[in-house]
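Numbering (the numbering used here), first residue to last: 501 to 813.
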């Protein structure tokens with residue numbers, strides 16, 4: 501501004517007074533120099549304004565960045581504080597968990613020891629039970645073998661009886677094996693006359709042959725059963741009814757068998773069944789004939805099997 505004022509005064513002086521050419525030239529030179537200087541100053545001033553504007557922009561940017569950085573720093577400080585609080589909570593939780601885990605671990609170890617002891621006791625009990633089962637299985641096998649042997653013995657006994665009594669087949673005599681026993685059935689037509697308990701000659705022969713086989717098998721239990729049809733007893737004398745008649749007939753067979761000294765008399769049993777265990781219907785003559793009979797039931801010695809069963813139980 502000072503330079504512009506000086507230049508104006510100089511122009512005013514030149515325009516109002518007369519000066520020498522030398523002075524005029526000098527002034528003009530100065531004026532030219534001042535114009536150059538003024539342009540230079542104007543350019544410099546423009547550059548300074550531009551620089552100032554740039555600096556202001558940079559300052560604004562730096563201020564903004566600073567504020568942003570400060571805000572980020574504040575956020576990080578807050579995050580750090582939150583993280584520290586969270587870490588403390590986690591640390592406390594971990595310490596509590598560690599303590600609880602140690603307590604739980606000790607408790608579980610004690611429980612596991614108890615379970616192992618219980619398992620060991622159960623294993624021993626299981627081993628004992630398995631040993632008992634093995635022993636029982638062996639006994640059962642022995643029992644099965646014993647029963648099979650008894651069955652085979654009774655099968656052979658049936659074959660022997662069938663051969664011994666072969667001459668009486670077709671005369672009302674049959675030999676069967678069932679339920680582990682052998683049944684010899686003799687109809688009354690082979691043994692007795694109607695209403696009588698005296699054994700005829702042909703029937704006696706059959707009973708004697710039977711006794712020979714029984715004498716060779718003294719361990720057999722022999723049950724002799726007398727059976728009648730349902731016709732009421734019509735005879736007289738010591739017989740009151742069919743019960744008496746059936747019992748008398750069974751006893752008559754026992755008497756003949758007892759003549760064989762090889763037969764164990766303790767194994768003989770006589771029983772009367774009257775008409776109450778029929779084989780067929782009493783409505784026909786044929787059925788009545790089948791029902792009038794003597795049945796001799798041969799049972800093998802079973803005490804060994806009974807002892808075996810008791811030992812298994």
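No residue lacks a Cβ here, since even glycine has one placed at the ideal position from N, Cα and C.
Give every residue of the same chain whose Cβ lies closer than 6 Å to the Cβ of residue i, excluding the five residues on either side of it in the sequence, and list them in chain order.
| i | result |
| --- | --- |
| residue 802 | none |
| residue 790 | 779 and 780 |
| residue 662 | 675 |
In this structure, does DSSP put residue i in helix, strand or coil?
| i | result |
| --- | --- |
| residue 708 | helix |
| residue 753 | helix |
| residue 611 | helix |
| residue 798 | strand |
| residue 568 | helix |
| residue 725 | strand |
| residue 598 | helix |
| residue 633 | helix |
| residue 774 | strand |
| residue 733 | coil |
| residue 812 | helix |
| residue 699 | coil |
| residue 759 | coil |
| residue 520 | coil |
| residue 746 | helix |
| residue 690 | helix |
To which residues of the same chain is residue i closer than 8 Å at the C-beta, ignoring the five residues directly before and after it?
| i | result |
| --- | --- |
| residue 734 | 695 |
| residue 743 | 772 and 774 |
Between the options, which has its C-alpha nearest residue i's C-alpha?
| i | options | result |
| --- | --- | --- |
| residue 652 | 682, 726 and 543 | 682 |
| residue 689 | 785, 798, 571 and 559 | 785 |
| residue 766 | 718, 812 and 748 | 718 |
| residue 812 | 743, 764 and 643 | 643 |
| residue 670 | 660, 535 and 687 | 687 |
| residue 728 | 747, 638 and 624 | 747 |
| residue 769 | 783, 776, 797 and 787 | 797 |
| residue 722 | 760, 764 and 633 | 764 |
Going by beta-carbon coordinates alone, are residue i and residue j separated by less than 8 Å?
| i | j | result |
| --- | --- | --- |
| residue 793 | residue 756 | no |
| residue 684 | residue 692 | no |
| residue 654 | residue 677 | yes |
| residue 745 | residue 753 | no |
| residue 713 | residue 660 | yes |
| residue 679 | residue 715 | no |
What distance in whole Å lies between the Cβ atoms of residue j and residue i, which are believed to be in contact at a cut-off of 8 Å?
| i | j | result |
| --- | --- | --- |
| residue 675 | residue 658 | 6 Å |
| residue 665 | residue 720 | That pair is no contact at about 16 Å. |
| residue 725 | residue 795 | 5 Å |
| residue 611 | residue 800 | About 59 Å separates the two Cβ atoms, so there is no contact after all. |
For residue i, I'd like the list of residues in its chain whose CB is within less than 7 Å of its CB, leaving aside the five on either flank, ordered along the chain.
| i | result |
| --- | --- |
| residue 749 | 692, 697, 726 and 794 |
| residue 787 | 780 and 781 |
| residue 549 | none |
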